[in-house]
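Trainee:
In the working numbering, the protein residues as written are 277 to 745.
Structure follows, in structure tokens:
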């Protein structure tokens, strides 16, 4: 069975590339109907709606009286948010096939997008008369679009959960039922729903996938990993399941397992520079810097403009203290993508290490300007200034930080500066505020001023909070 599938896929891939090369040359010529349907299904599955529209126009030119192609075209236009064009195409289809249910279903969806909810409802009410089981699922799907556009996400979920209980093999219904669970935040309901589907149909890879997401949203990460793993074991071509499973492993810091999944995915879907970056990231977490660098260099060879790969390469060199290589890698990353605060921070710290303080200050500033809402970048900048004994500058940066963000780490910094400026009383007030806010982060003060470790008053205050944690 598997052999057939691969052969067919190869045939399909050849079909697609054959079409695309003819299309480039503008000589598509005559194609059989069957070929058009295969091409359209391929592009639609890959969400390449614009491409599919080009194909369907050829099909219509060749088969002027086949309502199916007009129906597909109107569905594609809806997916591209070209609602009025979609309705025009539907009326052509209707003149050829007046009783085609799919035309009414699409029309109801279009009316929902245009916020003509009553009209949409009327169309569906007519369809319920004499509906078979497979019609039921299609009508419920159409209803779910009406609820979605009305922003009634509970009803959207209700319609879709009914639909998947009628037919759990319907891919669109299975995709949308999870979207609706997220929109309505009905994660527990979704977990129960998908468990009951799996009881009936244990090899339903989409049900396992949705179940995994439900567990993820209820913080049951171990169960989520297991469910997502079942999903891609059942359907080894389902790339999202690998990525989401690995992502969940990272959440619980199981770097080895995440690494294994990324490598498996790269063997199956690769070579892919983004997967290679994920692989390298895991190796960095596992402290295997040499291997991480090899993977990053492979990724950069595949795509010289992968800024993430260059940034992580900089991180690797920083860990190895090969500062000029690190600076070079961070620079390249920033040239490609200049809106990532962590890139500037890496560069700033590398410049500190080689004692180029002017460039360090410039990059600390860039980091805080790029990510002003995150206290980390302000904290790093302030710590640098304090270590350089530039207390006035540090106070100035702290005040600027307070316009943008709030966090215990900044209050700790402020406390240390007060201490260093010999204002012990202010230091104690701030320290208490910071300890109340976040006890965990208090070690930052010893980083900045190791002499605090022998200050009895400060130590006893920290101890008091430790006991109350």
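Backbone N, C-alpha and C define an ideal beta-carbon position, used for all residues, glycine too. Note that the structure is predicted; figures quoted are calculated from it, not measured.
Would residue 500 pass as a contact of residue 511 if the rule is Cβ separation under 7 Å?
Mentor: no
Trainee: Sorted by chain position, which residues of the same chain lie with C-beta nearer than 7 Å to residue 503's C-beta, five sequence neighbours on each side aside?
Mentor: The residues are 484, 487, 488 and 491.
Trainee: Since residue 605 and residue 590 are thought to touch, with beta carbons under 8 Å apart, how far apart are those beta carbons, to the nearest angstrom?
Mentor: 4 Å
Trainee: Could you spell out the range, first to last residue, of the alpha helix (DSSP H) harbouring residue 545?
Mentor: In the DSSP assignment, residue 545 falls within the unbroken alpha helix (DSSP H) covering 531 to 545.
Trainee: Identify, in the order they occur along the chain, each residue of the same chain with its Cβ nearer than 7 Å to the Cβ of residue 526, setting aside the five sequence neighbours on each side.
Mentor: Sequence-distant partners of residue 526 (beyond 5 residues in either direction) whose C-beta falls short of 7 Å from its own C-beta, in its chain, are 534.
Trainee: Measuring only the C-alpha atoms, how far is residue 471 from residue 478?
Mentor: 9 Å
Trainee: Look at the alpha carbon of residue 599 and the alpha carbon of residue 581, and state the distance between them as a whole number of angstroms.
Mentor: Taking C-alpha positions only, residue 599 is separated from residue 581 by approximately 22 Å.
Trainee: Less than 7 Å between the C-beta atoms of residue 385 and residue 429, yes or no?
Mentor: No. Outside cutoff.
Trainee: Under a Cβ-count criterion, where at least 16 other Cβ atoms within 10 Å of its own Cβ denotes burial, should residue 278 be classed as buried or exposed?
Mentor: With a pLDDT of only 41 at residue 278, under 50, the local geometry of the prediction cannot be trusted, and the value read off the model is given with reservation. Residue environment: residue 278 is assigned as exposed (fewer than 16 neighbouring CB atoms within 10 Å of its CB, all protein chains considered).
Trainee: CB-CB under 8 Å to residue 357, same chain, minus the five flanking residues each way: which ones, in chain order?
Mentor: 389
Trainee: Write down the C-beta distance between residue 482 and residue 447 rounded to the nearest angstrom, noting that I regard them as a contact closer than 8 Å.
Mentor: 7 Å
Trainee: Would you call residue 290 buried or exposed, if buried means 16 or more other Cβ atoms sit within 10 Å of its Cβ?
Mentor: exposed
Trainee: Would DSSP call residue 373 helix, strand or coil?
Mentor: coil
Trainee: Can you have a look at residue 587 and say buried or exposed, based on whether 16 or more other CB atoms are within 10 angstroms of its CB?
Mentor: buried
Trainee: Taking the beta carbon of residue 419 as the centre, do at least 16 other beta carbons fall within 10 Å, making it buried, or is it exposed?
Mentor: buried
Trainee: Can you tell me which of the three DSSP states residue 648 falls into?
Mentor: Three-state result, residue 648: coil.
Trainee: Would DSSP call residue 277 helix, strand or coil?
Mentor: Bear in mind that the predicted position of residue 277 carries a pLDDT of just 40, short of 50, making it unreliable; the figure below should be weighed with that in mind. Coil at residue 277, not helix or strand.
Trainee: Among the residues of its own chain, which have a CB less than 8 Å from the CB of residue 425, if the five just before and after it don't count?
Mentor: Taken in chain order, the residues that qualify are 388, 389, 391 and 393.
Trainee: To the nearest angstrom, how far is it from the Cα of residue 280 to the Cα of residue 436?
Mentor: In this predicted model, residue 280 has a pLDDT of only 48, less than 50, meaning its place in the structure is not dependable; the value taken from the coordinates is given anyway. Residue 280 and residue 436: Cα-Cα distance of roughly 33 Å.
Trainee: Where does residue 524 fall in DSSP's three states?
Mentor: helix
Trainee: Which residues in the same chain have their Cβ closer than 7 Å to the Cβ of residue 621, if we skip the five residues on either side of it in sequence?
Mentor: Correct list, in chain order: 643, 653 and 656.
Trainee: Given a threshold of 16 other Cβ atoms within 10 Å of its Cβ, counted over all protein chains shown, does residue 571 qualify as buried or as exposed?
Mentor: buried
Trainee: Return the chain-ordered ranges of every alpha helix (DSSP H) run that is complete within the region 471 to 496 and spans a minimum of 4 residues.
Mentor: 481 to 493
Trainee: Measuring alpha carbon to alpha carbon, tell me which of 528, 305 and 720 ends up nearest residue 687.
Mentor: 720
Trainee: Please report the residue range of the alpha helix (DSSP H) in which residue 357 lies.
Mentor: That residue, residue 357, is in no alpha helix (DSSP H); it is neither H nor E in DSSP.
Trainee: Could you give the C-beta distance for residue 627 and residue 603, rounded to a whole number, given that I count them as a contact under 8 Å?
Mentor: 7 Å
Trainee: I need the boundaries of the alpha helix (DSSP H) containing residue 393, first residue and last residue.
Mentor: Going by DSSP, residue 393 is part of the alpha helix (DSSP H) stretching over 393 to 404.
Trainee: Please name the residue, chosen from 545, 658, 715 and 344, that lies closest to residue 519 on a Cα-to-Cα basis.
Mentor: 545
Trainee: Tell me the rounded alpha-carbon separation between residue 709 and residue 715.
Mentor: 10 Å
Trainee: So, for residue 506: in the same chain, excluding its five sequence neighbours on each side, which residues have a beta-carbon less than 6 Å away from its beta-carbon?
Mentor: 484
Trainee: Keeping to the same chain, check which residues put their C-beta closer than 7 Å to that of residue 722; ignore five residues upstream and five downstream.
Mentor: 728 and 729
Trainee: Hey, residue 352 and residue 315: beta-carbon distance below 7 Å or not?
Mentor: no
Trainee: What are the boundary residues of the alpha helix (DSSP H) that includes residue 737?
Mentor: Unbroken alpha helix (DSSP H) run through residue 737: 732 to 744.
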